[in-house]
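What follows is a single structure, written as structure tokens, with notes after it.
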Amino acid sequence: MQTVYTRLTEVDEIRLLCLQPRLNSNSVKCTLQKARLSLLPHYVALSYMWGPKEEQKNITLNGFTCPIRSNLWHALLHLRLETGTRFIWADAICIDQSSIEERNHQVAQMWRIYSQAEMVIAWLGVPGTMSEQAIRTICHYGESSHPSITSPLNQNAMWDRGSLLDFLLALCRREYWSRLWIVQEILMAKKLL
Numbered sequence: 002m003q004t005v006y007t008r009l010t011e012v013d014e015i016r017l018l019c020l021q022p023r024l025n026s027n028s029v030k031c032t033l034q035k036a037r038l039s040l041l042p043h044y045v046a047l048s049y050m051w052g053p054k055e056e057q058k059n060i061t062l063n064g065f066t067c068p069i070r071s072n073l074w075h076a077l078l079h080l081r082l083e084t085g086t087r088f089i090w091a092d093a094i095c096i097d098q099s100s101i102e103e104r105n106h107q108v109a110q111m112w113r114i115y116s117q118a119e120m121v122i123a124w125l126g127v128p129g130t131m132s133e134q135a136i137r138t139i140c141h142y143g144e145s146s147h148p149s150i151t152s153p154l155n156q157n158a159m160w161d162r163g164s165l166l167d168f169l170l171a172l173c174r175r176e177y178w179s180r181l182w183i184v185q186e187i188l189m190a191k192k193l194l
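Numbered per my numbering, the sequence shown spans residues 2 to 194.
Structure (structure tokens):
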């Protein structure tokens, strides 16, 4: 991806991924744009797990076809807006990974990048049935004025406490939670999704 990068020249400069809208397409198209943190740019920061190096998919970045890891590709695919551009900071793309100097400098700024983001999106990975059910359950109980483990989510809910535990365990066992960096990424967030 080296050909898509221009050098960062300011001490507080970062790159933002300008993620193009869906437009009824299954392709991920984006450009990179420089931004200075001191000018308080509008963006969301992505907290995610890179995933296996062997599993890659292509995106179009600044007009070039670029391979990225599959987990990030799925995140970007899901995060595209229907219309309009979404500005995202995602380390694997926004940092020139071939430059050790840039990597070191950007890693030192990560606390600022995550704390200044309008929102941090925690991408737990490709949705799975049990994890999705766990999130729906958490949202339901979070919205309830009198939550009870025995109250059903709706009239048709036919699962028991054992199933609920299975759902929650599936969510907690996702690889995302094994990353040490998530502590900083989540704690620095103004808003977390």
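Note that beta-carbon positions come from the ideal geometry of N, C-alpha and C, so glycine has one too. Note that the coordinates shown come from a computational prediction; the quantities given were computed from them, not determined experimentally.
Your pair leucine 77 and leucine 33 does not check out as a contact, with CB atoms roughly 13 Å apart and the cut at 8 Å. Judged by their CB atoms, lysine 191 and methionine 111 are not nearer to each other than the 8 Å cut-off.
Here glutamine 117 really is in contact with leucine 41; their C-beta atoms are around 7 Å apart, less than 8 Å.
In this structure, alanine 123 sits near isoleucine 187, with a CB-CB distance shorter than 8 Å.
With 16 or more other Cβ atoms from the protein chains shown falling within 10 Å of its own Cβ, alanine 135 counts as buried. For valine 108, the three-state secondary structure derived from DSSP is helix. Relative to the Cα of threonine 86, the nearest Cα in the group His106, Phe65, Leu17 belongs to Leu17.
Under the three-pair Cβ rule at 8 Å, the region 21-28 does not count as touching the region 41-56.
Within the DSSP bridge table, the entry for arginine 37 names Glu14 as partners.
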